[in-house]
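**Student:**
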Amino acid sequence: MKVLISNFIFKKQFYPFFLLLCLQSWAQEENQAPVNVNISATLVERQPSYRWFGHEEPNYTYTKNTKNSTDKPVDHPHETGWLFSTAAVGENLKDTQIWRNDIYDFTDSKTGDFSIHYAVDKQDIGAVGFTPGMFLNNWSLDKEYQLEMWLKFQNASKIDGLSLALIDTEGRRAVISIDKDKELTWLRLKIPINSLRTQANFNWKEIKSLQLEGNFEEGFEIWFDGVKFTSSDSEEIGITDKNIVQRMAEAKATRSSRVNMAFEKAKTDGSEKDLNTYFAKLWLGEDLDEVNQTLLEIFTTEDRERQRAYSIHDDWSLNLKPMLLRMYFNFGSTSKVLPGRLEKQTEEALLDLLWEKTKLINDIHLARKSTWWLIGSENHDINAKVAALLTSQIFKNKPEFSSRNYPDKGKGGGSGYWFHQMYANSSNKGPEGNANWADGKQYNAEDHYKEWVKFWDEYISERAKKGFFLEVASPKYMKHTIPFLMNIYDFCEDQALKKKMGMFLDLIWAEWAQDQLASVRGGAKTRWGYEERTPMWEASRFYLGGPGDANHNWYSQAQSSYEWPEAVWRLALNRKGKGEYAYSSRKPGEEQPELQPRPDGLERTLAVDTEARLHRYSWVTPDYILGTQMDHPLALQSHLSAQNRWQGINFVSDISAFIAPVGIEIKEDGEWKRTDAFYRSVQHENILITQQNRRWMQQQPSWYPSKNIYEREFGIWFHGNLDTIIERDGWVFVNEGNAYVALRPLMGEYEFNPENWGGTGSNDLYSLIRTDTYDWNEDKTFLKFKDKFSPLIIEAGIKEDFNEFKDFQNYILQKSLKLQKTVAPGWYILRYGDGTAESAEIYFNASNNEIPKVNGKHIDYIPRNTFKSPFIKSAYNSGIIEINVDGLREVWDFNE
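Counted the way mature numbering (1 follows the signal peptide of the UniProt record, and there is no 0) counts, the sequence shown spans residues -27 to -1, 1 to 869.
1. Roughly how many whole angstroms lie between the Cα atoms of Leu741 and Ser447?
2. Note down, in chain order, each residue of its chain lying with its Cβ closer than 8 Å to the Cβ of Gly63, except the 5 sequence neighbours on either side.
3. What's the gap between the Cα of Thr59 and the Cα of Glu484?
4. Please report the straight-line C-alpha distance between Phe624 and His657, rounded to a whole angstrom.
5. Going by the beta-carbon positions, is the gap between Gly693 and Asp627 smaller than 7 Å?
6. Take Val148 as the anchor and find which of Leu157, Ser130 and Arg170 has the nearest alpha-carbon.
7. What span of residues does the beta strand (DSSP E) with Asn708 cover, start to end?
8. What is the residue span of the beta strand (DSSP E) that Gln602 lies within?
9. So, with DSSP's three-state summary, where would you put Pro312?
10. Going straight from the alpha carbon of residue 876 to that of Ile835, what length do you get?
11. What is the residue span of the alpha helix (DSSP H) that Thr53 lies within?
12. Hey, is the segment 411 to 422 in contact with the segment 364 to 375, meaning 3+ C-beta pairs nearer than 8 Å?
13. Assess, as a yes-or-no matter, whether the segment 195 to 213 is touched by the segment 108 to 126 under the definition of 3 or more beta carbon pairs within less than 8 Å.
14. What distance in whole Å lies between the Cβ atoms of Ala222 and Thr273, which are believed to be in contact at a cut-off of 8 Å?
15. Shortest alpha-carbon distance to Tyr723 belongs to which of Ile815, Ala715, Asp702 and Lys759?
16. According to DSSP, simplified to helix, strand and coil, what is residue 870?
17. So what does Ile639 bridge to, in DSSP terms?
18. Am I right that Lys761 and Gln665 are in contact with their C-beta atoms under 8 Å? What's the rounded C-beta distance?
19. State the DSSP-derived secondary structure class of Met720, mapped to helix, strand or coil.
20. To which residues of the same chain is residue 886 closer than 6 Å at the C-beta, ignoring the five residues directly before and after it?
21. Does DSSP classify Ile433 as helix, strand or coil?
22. Would you identify the three-state DSSP class for Lys201, choosing helix, strand or coil?
23. Where are the alpha helix (DSSP H) runs, 4 residues long or more, that stay fully inside the segment 235 to 277, in chain order?
24. Kindly indicate which residue of Gln673, Lys449, Met107 and Phe691 has the alpha-carbon position closest to the one of Ile348.
25. Starting from the C-beta of Ala239, find all residues in its chain whose C-beta is less than 7 Å away, skip the five residues before and the five after it, and write them out in chain order.
26. For the beta strand (DSSP E) containing Trp865, list its first residue and its last residue.
27. Would the segment 503 to 521 and the segment 203 to 213 be scored as touching if the rule is three or more Cβ pairs under 8 Å?
28. Buried or exposed: Gly552, going by 16 or more other Cβ atoms within 10 Å of its Cβ?
29. Report, in whole angstroms, the separation of the C-beta atoms of Leu362 and Leu298, which I expect to be a contact under 8 Å.
30. Using the DSSP secondary-structure output, state which residues sit across from Tyr652 in a beta bridge.
31. Tell me which residue opens and which closes the alpha helix (DSSP H) that Val858 is part of.
32. Based on Cα-Cα distance, which residue from Pro520, Leu575 and Gly496 lies nearest to Ala554?
33. Kindly list the residues whose CB is nearer than 6 Å to the CB of Gly574, restricted to its own chain and excluding five residues on each side of it in sequence; keep chain order.
34. With distances taken from CA atoms, which of Leu66, Asp141, Thr507 and Trp482 is nearest Ile856?
35. When burial is assigned at 16 or more other CB atoms within 10 Å of the CB, is Arg589 buried or exposed?
36. Pick helix, strand or coil for Ala630, following the three-state DSSP scheme.
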């Protein structure tokens, strides 16, 4: 249940704008025409799309505080790259078809998080500026508006003259000259649009572009910020910076056309083997006879090669069952969305296939076990158990299935979870588990459905109480996990569970939103794999009003009724307004030590029903996020909680740039590559100290091999086009955007030598510190430590705290840094910092797994809060989440 503590009522000037956009959104469901923003429109009642899925009300709430920052225009990291455009001399701007990531300047802005910067790099550029984008067809104005913007120029002498033009949908022009005399100084323009010279019949109600014109030469640079139209009664239409009310209204109004565009693309570019192309055509109502015939053949084929091509052979496929479920609920004979697009034979074949894929996996005894017992992997487990709930719901309502009893063997989880068959060529699906949970009773779909509703209700509560997910912030697996959960929100007929799942999705996105910059998640990650555009980046683009992607996993998002609540919008945007803060959270993944020897039935199952001692910590700023996960040295890792860990720093100024401590593998051809490594660490605010871990404990299910020995070459990955890298006195200093970073791998005056362990050294209690501690690869993207277990200091800062980069370097160099000798020569305790409020002392024993200390106090692996930041707070195991952002205060209670 959500309790609204303070609401936001739209200011008077936003009512007509919002009502218009709602009207246009509903109209688009009929004709899919681009939206024309017309402030004078009126509201017409029509059933909204969320009711297709059985929701009585949308999952979001518009909230109120008249002095709220929703009144302030905010930047949008996705949108601007679709609005900015250029044109040749004598031509007008056209909508951008490919997102531009080369125009964002996070280092210099007058309003919001960034400005728009364009440097002319080719001949024949005659116009630069903005269009409403692909989905909002035009701006509707009248002569009482004025245009406001900030402008800055460099090398303005390279153009003869500069003018500003508004272009209507018929190409007619309204023009005024612009002064360009000042260089590298922000100029604020306020231009009454009735002062522009207009061509005959110029249409103020249909403005298609706003452009600066001139004969631009290479080398000319221009910055835009705060571009908007304002009226005398304070009404605003934002162009580059928009208030959240406008952004939410535009996203709602354009959703239908954005969905259809995604499926138009997917019908040709989508994954045919994952059935995306067929889903897209079913959604669009195209080639239905042909699509049904093809699907019927796929669903019923006996050809083993074709079964493998479409994952029909694999009971644990991450794609097949979710696709079959969405096809049935959207296009089946009883659908509330687009009924009847699946023909009778195709629907029957689909249901028969679903029964075969789930009848063994959907064991009622699993629904009665802990929600923290995860079969195979976390994403496989969620997929299987979502399918168990929804297929039980389908079959209980189908006479031909409702009387069937499930096998319910009670052998344990993981029937058919057998890589020999899933990923290789064996036709054998492997042995069952060894449990004896069967109770001798027979259960049908109705029985299963009731048990799985209870299971999922508890599952959501447990994650809200203790944290999520084991696959922490995984770029690779969140694209599976979130769509699986959305299936319950969209299709489960239990209204209480629907609502609770909607609130859980809100929490997932709220937790993400406070720990990201430009929609790229920062901080520690588990089961990490590098992707240039992460799935959460893609998904957030759609929720924020941008294009959808129905080609692969996110087709479910484009078709779902789920939308972000306003709290998530507020958390995601206006990053500069949120300042610097720590985000601390508890994460699951520690195995149950009492389950040793492992009970029968858990042969393929993680058992992580513990109050885990895994503390994730991020230091979040508008310019960078530095983060790690601190694990108690006695934490019993599961086979996945230690897999492909990521820690380090990422930057808003370049969303592909990061600096991360990593394992390093040197290939036979001499190439250096990132590989998996496990670390121990401590972080306090903007300082992270870490090293490759020599020892930790792990408990695995019997199926999972201990195939890796985690003793790797270790170093640092410098990814992306970082602005500056300087080496000085053993330190590596980096400048990226507004962020500074200092990195220091540490070695003492001599190393431990097992053949002559006594060694030699100074008589002091503290070691001399070497400066020759690392080597670079050829292109300086990887730095490898000479001692693979060297501790590493990472300290970050921001430009506004220092006059120049060199001042940051000097600050770091004067800080106290000591390597304290231990009893055994060659082993050290690192002490870094002065022990003051401005410079905390961090104690890190690099010779063993002693718990680190900050200012003399041991770090806490079990903080009292599941989530803690200035914006989200929850006492551990309470299930009550407090949201507080920009004056919006809500309580989300997961105990009901």
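Note that CB positions come from ideal geometry on N, CA and C, so glycine has one too.
In this text, all values refer to a predicted model and were calculated from it rather than measured experimentally.
**Tutor:** Quick answer:
1. The count along the sequence shown starts at 1 and reaches residue 741 at position 768. The count along the sequence shown starts at 1 and reaches residue 447 at position 474. Whole-angstrom Cα-Cα distance: 40 Å.
2. Working through the sequence shown from its first residue, we reach residue 63 at position 90. Cβ neighbours of Gly63 beyond the five flanking positions: Gly99.
3. Taking the first residue of the sequence shown as position 1, residue 59 is located at position 86. Taking the first residue of the sequence shown as position 1, residue 484 is located at position 511. Rounded to whole angstroms, the separation of the alpha carbons of Glu484 and Thr59 is 37 Å.
4. Here residue 624 refers to the residue found at position 651 of the sequence shown. Here residue 657 refers to the residue found at position 684 of the sequence shown. Going by the C-alpha atoms only, they are around 19 Å apart.
5. For this step, residue 693 is matched to residue 720 along the sequence shown. For this step, residue 627 is matched to residue 654 along the sequence shown. Going by C-beta atoms, Gly693 is nearer than 7 Å to Asp627.
6. Here the question's residue 148 lines up with position 175 in the sequence shown. Minimum Cα distance to Val148 is reached at Arg170.
7. Counting from 1 along the sequence shown, the entry for residue 708 is found at position 735. Here the beta strand (DSSP E) through Asn708 covers Trp704 to Glu709.
8. Position 629 of the sequence shown, counted from the start, is the residue given in the question as residue 602. It spans Tyr597 to Asp604 - the beta strand (DSSP E) in which Gln602 sits, taken as one unbroken run.
9. In the sequence shown, the residue the question calls residue 312 occupies position 339. Three-state result, Pro312: coil.
10. Residue 876 lies beyond the stretch modelled for the chain, which goes from -27 to 869, so this question has no answer here.
11. Stepping through the sequence shown from its first residue, residue 53 is reached at position 80. Unbroken alpha helix (DSSP H) run through Thr53: Thr53 to Leu56.
12. At 8 Å Cβ cutoff, the stretches touch.
13. yes
14. By 1-based counting over the sequence shown, the position of residue 273 is 300. By 1-based counting over the sequence shown, the position of residue 222 is 249. Actually they are not in contact, since the Cβ atoms of Thr273 and Ala222 sit about 47 Å apart, beyond 8 Å.
15. Numbered from its first residue, the sequence shown carries residue 723 at position 750. Residue Lys759 is the option with its Cα nearest to Tyr723.
16. Not covered by the structure: residue 870. The range shown for the chain is -27 to 869.
17. Looking up residue 639 in the sequence shown gives position 666. DSSP, once it has assigned bridges, lists Trp645 as partnering Ile639.
18. Residue mapping note: residue 761 aligns to position 788 of the sequence shown, counting from 1. Residue mapping note: residue 665 aligns to position 692 of the sequence shown, counting from 1. With 8 Å as the limit, Lys761 and Gln665 qualify as a contact, their Cβ atoms being about 6 Å apart.
19. As a first step, residue 720 is located in the sequence shown; it is residue number 747 there, counting from the start. DSSP places Met720 in the coil class of the three-state scheme, outside both helix and strand.
20. With the chain covering -27 to 869 only, the question about residue 886 has no answer from this structure.
21. As a position in the sequence shown, residue 433 is number 460, starting the count at 1. Three-state DSSP puts Ile433 in a helix.
22. Sequence index remark: in the sequence shown, residue 201 carries index 228 (1-based). The answer is strand: DSSP assigns Lys201 an E or B state.
23. 249 to 257 and 261 to 273
24. The residue labelled residue 348 in the question sits at position 375 within the sequence shown. Measuring from the Cα of Ile348, the nearest candidate turns out to be Gln673.
25. In the sequence shown, counting from the first residue as 1, residue 239 sits at position 266. Correct list, in chain order: Asn249, Thr250, Ala253, Ala523, Asn524 and Tyr528.
26. Working through the sequence shown from its first residue, we reach residue 865 at position 892. Residues Leu861 to Asp866.
27. no
28. Here residue 552 corresponds to residue number 579 of the sequence shown, with the count starting at 1. Classification for Gly552: exposed.
29. Mapped onto the sequence shown, residue 362 falls at position 389. Mapped onto the sequence shown, residue 298 falls at position 325. Rounded to whole angstroms, the Cβ separation of Leu362 and Leu298 is 10 Å, and the two are not in contact under 8 Å.
30. The residue labelled residue 652 in the question sits at position 679 within the sequence shown. Tyr652 pairs with Gln665.
31. Locating residue 858 in the sequence shown gives position 885, counting from the first residue. No alpha helix (DSSP H) holds Val858; the beta strand (DSSP E) holding it covers Ile853 to Val858.
32. Position 581 of the sequence shown, counted from the start, is the residue given in the question as residue 554. The residue you asked about is not Ala; residue 554 is Tyr in the sequence shown. Across the set Pro520, Leu575 and Gly496, the C-alpha of Gly496 shows the shortest separation from the C-alpha of Tyr554.
33. Walking along the sequence shown from the start, residue 574 turns up at place 601. These residues qualify, in order along the chain: Gly385, Gly406 and Ala408.
34. The residue you call residue 856 lines up with position 883 of the sequence shown. Minimum Cα distance to Ile856 is reached at Trp482.
35. Start at 1 with the first residue of the sequence shown, and residue 589 comes out as number 616. Buried, since its Cβ has 16 or more Cβ neighbours within 10 Å.
36. Position 657 of the sequence shown, counted from the start, is the residue given in the question as residue 630. In the structure shown, Ala630 sits in coil (DSSP, three-state: anything other than H, G, I, E or B).
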